[in-house]
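Residue numbers (the working numbering): 8 to 178. Every residue gets a Cβ at the ideal spot worked out from N, C-alpha and C, and that includes glycine. Here is the structure we will look at.
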Amino acid sequence: SQPLRVPALSLVVLVGVAGSGKSTFAARHFRPTQVVSSDGCRALVADDPRDQSATGAAFEVAHLVTRHRLANGLLTVLDATSVEPAARRPLLELAREHDVPAVAIVLDLPEELCARRAAERPDRAVAAAVVHRQHMELRAGLHGLRAEGFAAVHVLRTEAEAAGTAVDLVG
Ligand code: ATP
Ligand code: MG
């Protein structure tokens, strides 16, 4: 399939339910320092990427790091589910503040596949009911992403597409 063309200075927001392959995709296509993840920030503030009570602090850190990276002119990839508009809004605001395009890469893979992978996660299993709720949120918001302010929206729908699509940084 065609490579995704992503501006070399942009805020890339990965959007996908637990188990959709966001962290795998980020690790394959971006350098570790370019990726800001909710799990990583939870680990930074709570020593435990599973500690849900650390979620508020973790996102505070994620947004702060993102703000500084964009101010420094550095491509940044946000690795969190971001299935809810309320999760995307502060990211779109940061991109706008720094006059950087926000690009959504949506991993809209079959719910059953994601649920199976999420349940099998050795470090942090996620229940099928949680994946289901996230999937409903994702589908409800998918068509509104451009209107929210994303400059580009790329949707990957199959395992083959997610694994076989390259990312070209342009400009
Ligand atoms: P979470 O929101 O829970 O962090 P995630 O979206 O980051 O989930 P990953 O951890 O990247 O998802 O992937 C979940 C599981 O699926 C992992 O075991 C990973 O190895 C597997 N996986 C991810 N992408 C692919 C792929 N393209 N082909 C096969 N397996 C994959
Ligand atoms: Mg992940």
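- In the DSSP secondary-structure assignment, R12 is bridged to D175.
- Note that the stretch 62-82 does not touch the stretch 156-164; fewer than 3 beta-carbon pairs, one per stretch, sit closer than 8 angstroms.
- Three or more Cβ pairs closer than 8 angstroms define a contact, and the stretch 19-34 meets that threshold against the stretch 73-91.
- G148 and E119 have their alpha carbons spaced roughly 19 angstroms apart.
- Ranked by Cα distance from A125, the options L145, P56, V138, L176 are led by V138.
- For a cut-off of 8 angstroms, the C-beta gap from L145 to F32 is around 15 angstroms, too long to register as a contact.
- In this chain, V133 is not harboured by any alpha helix (DSSP H), its DSSP state being neither H nor E.
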